[in-house]
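Notes for the one structure printed next.
There are 2 protein chains.
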Amino acid sequence: MPVLVRTDDVRRQNTRSIIQVLRRHGCVSRTEIVEYTGLSPATVSTITSGLISEGLLLSRSELSQSQDTVNRRGRPRITLSLNPQVGCIVVMVLSINKLTAWLQDYSGEILAKADDHFESRQASLADFEHYLLRMVTRLMSQLTTNPIPLRFISIGVQGVVDAGGQTMLWSPMTQLLDLPLGELLHRAFNVPVWVANDCNMAAEALHWQDPARFGDDFAAILLGSGIGMGLVLKGRRFIGRQSSAAEFGHMVHASDEGALCRCGQYGCVEAYVGDYAIWRRVSGADEQSLPVDEIDPTAMIDLARRAHENEGIERAAYREAGRALGKALRSLFALIDPITIAFIGGGVRAFDLMEPEIRNALRHNGNMLEASEVSFYCYEDSQELIHLGCAMTTLQRLDRTMGVGG
Amino acid sequence: MPVLVRTDDVRRQNTRSIIQVLRRHGCVSRTEIVEYTGLSPATVSTITSGLISEGLLLSRSELSQSQDTVNRRGRPRITLSLNPQVGCIVVMVLSINKLTAWLQDYSGEILAKADDHFESRQASLADFEHYLLRMVTRLMSQLTTNPIPLRFISIGVQGVVDAGGQTMLWSPMTQLLDLPLGELLHRAFNVPVWVANDCNMAAEALHWQDPARFGDDFAAILLGSGIGMGLVLKGRRFIGRQSSAAEFGHMVHASDEGALCRCGQYGCVEAYVGDYAIWRRVSGADEQSLPVDEIDPTAMIDLARRAHENEGIERAAYREAGRALGKALRSLFALIDPITIAFIGGGVRAFDLMEPEIRNALRHNGNMLEASEVSFYCYEDSQELIHLGCAMTTLQRLDRTMGVGG
DNA sequence: ACTATTTTTTTCGAGACTTAAATAAAATAG
DNA sequence: CTATTTTATTTAAGTCTCGAAAAAAATAGT
Numbered sequence: 001m002p003v004l005v006r007t008d009d010v011r012r013q014n015t016r017s018i019i020q021v022l023r024r025h026g027c028v029s030r031t032e033i034v035e036y037t038g039l040s041p042a043t044v045s046t047i048t049s050g051l052i053s054e055g056l057l058l059s060r061s062e063l064s065q066s067q068d069t070v071n072r073r074g075r076p077r078i079t080l081s082l083n084p085q086v087g088c089i090v091v092m093v094l095s096i097n098k099l100t101a102w103l104q105d106y107s108g109e110i111l112a113k114a115d116d117h118f119e120s121r122q123a124s125l126a127d128f129e130h131y132l133l134r135m136v137t138r139l140m141s142q143l144t145t146n147p148i149p150l151r152f153i154s155i156g157v158q159g160v161v162d163a164g165g166q167t168m169l170w171s172p173m174t175q176l177l178d179l180p181l182g183e184l185l186h187r188a189f190n191v192p193v194w195v196a197n198d199c200n201m202a203a204e205a206l207h208w209q210d211p212a213r214f215g216d217d218f219a220a221i222l223l224g225s226g227i228g229m230g231l232v233l234k235g236r237r238f239i240g241r242q243s244s245a246a247e248f249g250h251m252v253h254a255s256d257e258g259a260l261c262r263c264g265q266y267g268c269v270e271a272y273v274g275d276y277a278i279w280r281r282v283s284g285a286d287e288q289s290l291p292v293d294e295i296d297p298t299a300m301i302d303l304a305r306r307a308h309e310n311e312g313i314e315r316a317a318y319r320e321a322g323r324a325l326g327k328a329l330r331s332l333f334a335l336i337d338p339i340t341i342a343f344i345g346g347g348v349r350a351f352d353l354m355e356p357e358i359r360n361a362l363r364h365n366g367n368m369l370e371a372s373e374v375s376f377y378c379y380e381d382s383q384e385l386i387h388l389g390c391a392m393t394t395l396q397r398l399d400r401t402m403g404v405g406g
Numbered sequence: 001m002p003v004l005v006r007t008d009d010v011r012r013q014n015t016r017s018i019i020q021v022l023r024r025h026g027c028v029s030r031t032e033i034v035e036y037t038g039l040s041p042a043t044v045s046t047i048t049s050g051l052i053s054e055g056l057l058l059s060r061s062e063l064s065q066s067q068d069t070v071n072r073r074g075r076p077r078i079t080l081s082l083n084p085q086v087g088c089i090v091v092m093v094l095s096i097n098k099l100t101a102w103l104q105d106y107s108g109e110i111l112a113k114a115d116d117h118f119e120s121r122q123a124s125l126a127d128f129e130h131y132l133l134r135m136v137t138r139l140m141s142q143l144t145t146n147p148i149p150l151r152f153i154s155i156g157v158q159g160v161v162d163a164g165g166q167t168m169l170w171s172p173m174t175q176l177l178d179l180p181l182g183e184l185l186h187r188a189f190n191v192p193v194w195v196a197n198d199c200n201m202a203a204e205a206l207h208w209q210d211p212a213r214f215g216d217d218f219a220a221i222l223l224g225s226g227i228g229m230g231l232v233l234k235g236r237r238f239i240g241r242q243s244s245a246a247e248f249g250h251m252v253h254a255s256d257e258g259a260l261c262r263c264g265q266y267g268c269v270e271a272y273v274g275d276y277a278i279w280r281r282v283s284g285a286d287e288q289s290l291p292v293d294e295i296d297p298t299a300m301i302d303l304a305r306r307a308h309e310n311e312g313i314e315r316a317a318y319r320e321a322g323r324a325l326g327k328a329l330r331s332l333f334a335l336i337d338p339i340t341i342a343f344i345g346g347g348v349r350a351f352d353l354m355e356p357e358i359r360n361a362l363r364h365n366g367n368m369l370e371a372s373e374v375s376f377y378c379y380e381d382s383q384e385l386i387h388l389g390c391a392m393t394t395l396q397r398l399d400r401t402m403g404v405g406g
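If you read the sequences in order, they're chains C and G.
Sequential numbering of the first sequence, starting at 1, is according to full-length UniProt numbering.
Sequential numbering of the second sequence, starting at 1, is according to full-length UniProt numbering.
Here you go:
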């Protein structure tokens with residue numbers, strides 16, 4: 001399978017690196033681009049002047065000589081930046097009963113935010129359509145003074161998505177299967193649409209925010225009502241052949257017929273670690289009883305507090321969850337070598353109670369590589385990360401659809 | 001991380017596709033190369049004539065117009081082929097007590113084979129060095145009539161290898177750790193050396209032999225004394241960050257303290273599926289007892305025969321092994337989507353007994369994708385596959401070291 | 001105020017690469 | 001022995017990157 005055949009593929013690739021530098025650093029001069037990319041000044045000059053004449057880049061020689069560059073000798077640097085007017089994107093995050101959205105311009109600036117509550121479990125496909133379209137329309141209506149064309153819509157969803165990023169195959173937020181969210185929005189607004197798994201987007205955000213910690217190999221594990229994972233291996237977001245994959249929560253914990261998982265199977269990790277699993281255990285219900293549909297967030301906070309206060313069923317439940325996590329991580333690390341893990345979401349409130357059990361399970365691992373010293377980081381707010389990650393990847397995809405990226 | 005691309009990367013890449021076509025099809029004309037690669041005739045002509053003048057390719061216009069092309073109208077095709085004289089490679093496969101080796105020329109032709117038995121468990125590092133060097137020397141000595149320079153040495157080993165392909169980190173064949181096999185052979189023969197995991201090489205061979213079945217996503221699972229896996233995802237051999245990884249055999253099967261694995265942990269899949277585990281179970285020993293070092297191959301054949309003949313402890317052992325495999329596959333498929341699996345090695349003799357249990361465990365899987373219909377294929381002879389895979393990848397690496405490949 | 005220096009950006013020429021089109025080569029068919 | 005057919009090579013044109021030289025635009029110093 002030949003990867004690189006044409007000479008203009010080279011240009012596309014280099015153009016993409018340059019845009020990526022601009023997106024990360026905001027305002028950058030050509031010399032700085034030379035430093036970051038390793039391209040020659042000549043090439044950078046050619047490519048950037050092309051982008052400027054296409055309208056993708058703005059060149060601001062006059063204004064905003066930022067403080068550190070001022071008063072230096074020599075010809076002053078001309079800072080370049082992405083042209084916000086190129087277009088805007090709508091980034092939505094869809095989870096149980098909740099839809100939040102950002103409107104951002106091409107430079108990444110957030111122009112507006114909005115959110116919406118609706119009963120996702122009762123919603124029909126038409127309802128989903130209604131809420132999604134209304135949200136896009138509402139955000140776009142805020143641009144009357146300065147109209148920027150809508151260029152891309154993306155949705156980060158809690159659930160399993162097809163590998164092509166068009167359909168939500170399964171989600172805890174609804175009983176419906178195979179929701180064609182991509183097609184639906186595409187028909188309405190006639191722009192490319194991309195549906196992504198929320199955990200993958202959280203991982204993307206971590207990589208963006210803190211590439212030193214979350215570089216080429218790491219995982220973001222979402223501890224919420226469900227258990228999800230976004231996996232980055234060798235710098236690439238891991239996606240299955242058919243689905244968004246990396247369903248860490250549905251690796252097997254219990255030997256035979258274990259606790260009942262929301263997915264209908266028995267023994268999944270999620271059936272021990274998810275909010276509903278902790279709740280079920282604490283409430284004294286049988287582990288094979290049906291999980292409750294919804295738990296009041298404050299009740300989970302309260303539960304975690306009680307677990308911290310004294311020994312008891314709550315703390316035992318988190319210990320058990322820790323064992324399940326540890327065992328699944330041991331299996332995961334056998335497959336892919338130990339990597340840094342970020343735990344994200346409400347579940348991290350009791351992470352200190354789970355961590356000893358996790359580390360205990362990892363004392364040795366099958367790969368003969370020491371896994372007990374793996375770094376764990378916790379982030380309680382998942383929503384913000386998902387939004388950010390979704391936005392960044394969407395802008396990259398936008399570049400590609402405009403024939404710029406590789 | 002900007003991937004810097006130069007214009008000559010294009011040439012390298014295209015050169016590589018051409019060589020790959022030649023390696024797969026043996027004798028190919030330029031027009032056929034055009035068809036296979038999609039490159040223009042002009043490009044193919046330029047690149048091939050370059051390779052011919054470098055001596056890498058042979059152009060045989062006169063001899064061997066093969067039967068089907070003969071008697072066609074028009075200018076006859078000039079078949080090109082790789083020049084065997086370019087160099088030769090030594091491909092060794094190292095497993096418990098056994099070392100086998102092939103000597104092959106640049107076109108892939110096997111010039112000689114040899115094998116050697118030695119007590120790997122008793123062997124010191126110096127012993128390993130001795131056997132490996134002697135094997136290379138012995139094979140090379142057969143080239144006296146027609147000397148071809150040695151260009152590359154590779155070893156497929158049963159065990160965990162570092163990601164760089166130089167060191168054998170751990171292996172069941174020895175108590176020693178971190179054997180620098182690569183460095184050792186490199187010092188002796190001053191050619192590049194590459195150490196690879198045997199399962200990865202078996203997977204490579206399957207992909208080579210039968211790309212229709214084993215295309216971009218599949219796994220080769222070795223059922224032998226140990227349990228290993230070679231994983232191919234999106235057409236790329238999966239390698240960990242530090243090690244050859246994909247230690248499927250050390251995913252966790254048993255809940256708490258389960259059977260003792262050869263790696264020192266408890267509950268690994270291998271501790272239920274490996275030859276020694278079956279043997280231990282059948283012999284009535286405690287599952288936490290130390291596994292026996294070595295089992296007579298004919299004894300395992302006999303054991304499998306007894307399992308087939310009638311119900312009994314032997315059949316129960318294989319059923320248990322099937323459950324362990326099934327559970328681990330369920331976890332694996334949760335992570336990476338269901339994929340085709342090739343089972344390789346002596347363990348497949350009783351695969352029919354294990355399969356129902358495996359399929360049973362896969363009735364549903366965490367990824368909401370139907371996994372029970374996944375295709376399984378069995379190959380009893382692992383040695384041949386490992387050799388073949390190792391040879392093919394080695395020739396590709398050789399191209400790269402000669403500045404040809406990408 | 002004017003020149004020298006410094007730093008950044010652009011321009012120019014060279015070297016590589018691919019491709020389409022034209023040309024040359026080497027067979028068979030009649 | 002010529003016409004036809006198929007294959008390979010050459011030529012010309014269009015990209016791409018890069019190094020070096022040139023141009024641009026500021027500050028430093030006298």
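Backbone N, C-alpha and C define an ideal beta-carbon position, used for all residues, glycine too.
Source: prediction; values computed, not measured.
| said: Is glutamate 287 (chain C) close to chain G? Criterion is C-beta to C-beta, closer than 7 Å. | reply: The count along the first sequence starts at 1 and reaches residue 287 (chain C) at position 287. No, glutamate 287 (chain C) does not count as interfacial toward chain G.
| request: Specify whether the region 238–255 of chain G and the region 331–342 of chain C touch according to this definition: at least 3 beta carbon pairs, one from each stretch, less than 8 Å apart. | output: yes
| Which partner residues does residue 440 (chain G) have in the DSSP bridge list? | Residue 440 (chain G) lies beyond the stretch modelled for chain G, which goes from 1 to 406, so this question has no answer here.
| message | With distance defined between alpha-carbon atoms, name the residue in C:Leu139, C:Pro147, C:Val195, C:Glu294 nearest to threonine 174 (chain C). | response | Position 174 of the first sequence, counting from 1, holds the residue named residue 174 (chain C). Answer by Cα proximity: C:Glu294.
| What in chain G is Cβ-close to alanine 245 (chain C), meaning under 7 Å? | Working through the first sequence from its first residue, we reach residue 245 (chain C) at position 245. Ordered by position in chain G, the residues that pass the 7 Å Cβ test against alanine 245 (chain C) are Leu335, Ile336, Asp337, Asn367.
| query | With 16 as the cutoff for other CB atoms within 10 Å, does leucine 303 (chain C) come out buried or exposed? | reply | Taking the first residue of the first sequence as 1, we reach residue 303 (chain C) at position 303. Flag for leucine 303 (chain C) reads buried.
| task | Using a Cβ-Cβ cut-off of 7 Å, state whether serine 283 (chain G) counts as contacting chain C. | result | Residue mapping note: residue 283 (chain G) aligns to position 283 of the second sequence, counting from 1. Contact of serine 283 (chain G) with chain C is not assigned, every C-beta pair being separated by 7 Å or more.
| task | Measure from the C-beta of arginine 330 (chain C) to each C-beta in chain G and report whether the shortest distance is under 7 Å. | result | By 1-based counting over the first sequence, the position of residue 330 (chain C) is 330. Taking Cβ atoms only, chain G reaches closer than 7 Å to arginine 330 (chain C), which makes this a yes.
| field | Residues bridged to aspartate 116 (chain C) [DSSP beta-bridge criterion] | value | Numbered from its first residue, the first sequence carries residue 116 (chain C) at position 116. Answer is C:Leu99.
| task | Would you check if the distance between the CB atom of valine 157 (chain C) and the CB atom of histidine 387 (chain C) is smaller than 7 Å? | result | Along the first sequence, read from residue 1 onward, the residue named residue 157 (chain C) stands at position 157. Along the first sequence, read from residue 1 onward, the residue named residue 387 (chain C) stands at position 387. No. Outside cutoff.
| said: Cβ closer than 7 Å: which chain G residues qualify as neighbours of methionine 392 (chain C)? | reply: For this step, residue 392 (chain C) is matched to residue 392 along the first sequence. What methionine 392 (chain C) touches in chain G: nothing, since even the nearest Cβ is about 14 Å away.
| said: Does any residue of chain C have a CB that is nearer than 7 Å to the CB of histidine 130 (chain G)? | reply: Mapped onto the second sequence, residue 130 (chain G) falls at position 130. Closer than 7 Å: no.
| message | So the candidates are C:Ser59, C:Arg121, C:Arg6; which of them puts its Cα closest to the Cα of valine 292 (chain C)? | response | Against the first sequence, residue 292 (chain C) aligns to sequence position 292. Comparing Cα positions, the closest option is C:Arg121.
| said: Suppose you measure from the CA of arginine 12 (chain G) to the CA of methionine 402 (chain G); what does that come to, to the nearest Å? | reply: Along the second sequence, one-based indexing puts residue 12 (chain G) at 12. Along the second sequence, one-based indexing puts residue 402 (chain G) at 402. Answer to the nearest angstrom: the Cα atoms are 11 Å apart.
| Between the C-alpha atoms of aspartate 8 (chain G) and proline 41 (chain C), what's the straight-line distance to the nearest angstrom? | As a working mapping, residue 8 (chain G) is identified with position 8 in the second sequence. As a working mapping, residue 41 (chain C) is identified with position 41 in the first sequence. Aspartate 8 (chain G) and proline 41 (chain C) have their C-alpha atoms spaced approximately 19 Å apart.
| Where do the ends of the beta strand (DSSP E) carrying arginine 16 (chain G) lie? | Walking along the second sequence from the start, residue 16 (chain G) turns up at place 16. Counting along the chain, arginine 16 (chain G) falls outside any beta strand (DSSP E), though it belongs to the alpha helix (DSSP H) covering 7–25.
| message | Check this for me: beta carbons of isoleucine 358 (chain G) and glycine 322 (chain G), under 7 Å apart or not? | response | Along the second sequence, read from residue 1 onward, the residue named residue 358 (chain G) stands at position 358. Along the second sequence, read from residue 1 onward, the residue named residue 322 (chain G) stands at position 322. Against a cut-off of 7 Å, the Cβ pair of glycine 322 (chain G) and isoleucine 358 (chain G) comes out as a contact.
| task | Measure the C-alpha to C-alpha separation of arginine 241 (chain C) and aspartate 217 (chain G) and round it to an integer number of angstroms. | result | Here the question's residue 241 (chain C) lines up with position 241 in the first sequence. Here the question's residue 217 (chain G) lines up with position 217 in the second sequence. Computed Cα separation, rounded: 7 Å.
| task | Please check if any C-beta of chain G sits within less than 7 Å of the C-beta of methionine 168 (chain C). | result | Taking the first sequence and counting its residues from 1, one reaches residue 168 (chain C) at position 168. By this cut-off, methionine 168 (chain C) is not an interface position.
| said: Does chain C have any CB closer than 7 Å to the CB of threonine 15 (chain G)? | reply: Position 15 of the second sequence, counting from 1, holds the residue named residue 15 (chain G). False, the Cβ-Cβ gap to chain C never drops below 7 Å.
| message | Quick check: what's the CA-CA separation for leucine 63 (chain G) versus arginine 6 (chain C)? | response | As a first step, residue 63 (chain G) is located in the second sequence; it is residue number 63 there, counting from the start. As a first step, residue 6 (chain C) is located in the first sequence; it is residue number 6 there, counting from the start. Residue placement at leucine 63 (chain G) cannot be trusted, given a pLDDT of 48 that sits under 50; the coordinates are not used to answer.
| said: Using DSSP's beta-bridge definition, name the partner residues of serine 59 (chain G). | reply: Position 59 of the second sequence holds residue 59 (chain G). The partner list for serine 59 (chain G) (beta bridge, DSSP) reads G:Leu80.
| field | Chain-order list of residues whose beta-carbon lies under 8 Å from that of glycine 267 (chain C) (same chain, five-residue window excluded) | value | The sequence position of residue 267 (chain C) within the first sequence is 267, counting from 1. Cβ within range, chain order: Val252, His253, Ala254, Ser255, Asp256, Glu257, Gly258, Ala259, Cys261.
| said: Can you tell me whether serine 64 (chain C) is helix, strand or coil according to DSSP? | reply: Looking up residue 64 (chain C) in the first sequence gives position 64. Because the pLDDT of serine 64 (chain C) is 49, which lies under 50, any placement of that residue in the model is unreliable, and the number read from its coordinates should be weighed accordingly. Serine 64 (chain C) carries a coil assignment under DSSP once its states are collapsed to helix, strand and coil.
| request: Taking only beta carbons into account, state which residues of the region 195–218 of chain G come closer than 9 Å to chain C, listed in chain order. | output: Asp216, Asp217
| task | Check leucine 303 (chain G) in the structure and name its three-state DSSP category. | result | Taking the first residue of the second sequence as position 1, residue 303 (chain G) is located at position 303. Here leucine 303 (chain G) sits in helix by DSSP.
| message | Within 7 Å of any Cβ in chain G, is that where the Cβ of arginine 400 (chain C) sits? | response | Taking the first sequence and counting its residues from 1, the one referred to as residue 400 (chain C) is at position 400. No, arginine 400 (chain C) lies away from the interface with chain G (no Cβ there is under 7 Å from its Cβ).
| Is valine 269 (chain G) helix, strand or coil by DSSP? | Mapped onto the second sequence, residue 269 (chain G) falls at position 269. DSSP places valine 269 (chain G) in coil when its eight states are reduced to three.
| request: Taking only beta carbons into account, state which residues of the region 111–123 of chain C come closer than 9 Å to chain G, listed in chain order. | output: Answer in chain order: no residues at all.
| said: Looking at chain G, is there any beta carbon in it that lies within less than 7 Å of the beta carbon of lysine 327 (chain C)? | reply: To locate residue 327 (chain C), count along the first sequence from 1; it is residue 327. With 7 Å as the cut-off, lysine 327 (chain C) counts as an interface residue toward chain G.
| task | Say whether chain G places a C-beta atom closer than 7 Å to the C-beta of histidine 250 (chain C). | result | The count along the first sequence starts at 1 and reaches residue 250 (chain C) at position 250. It does; some Cβ of chain G falls within 7 Å.
| query | Quick one, which of C:Asp210, C:Ser243, C:Asn200 has its alpha-carbon nearest leucine 233 (chain C)'s? | reply | For the purposes of this step, residue 233 (chain C) is taken as residue 233 along the first sequence, with counting starting at 1. Residue C:Asn200 is the option with its Cα nearest to leucine 233 (chain C).
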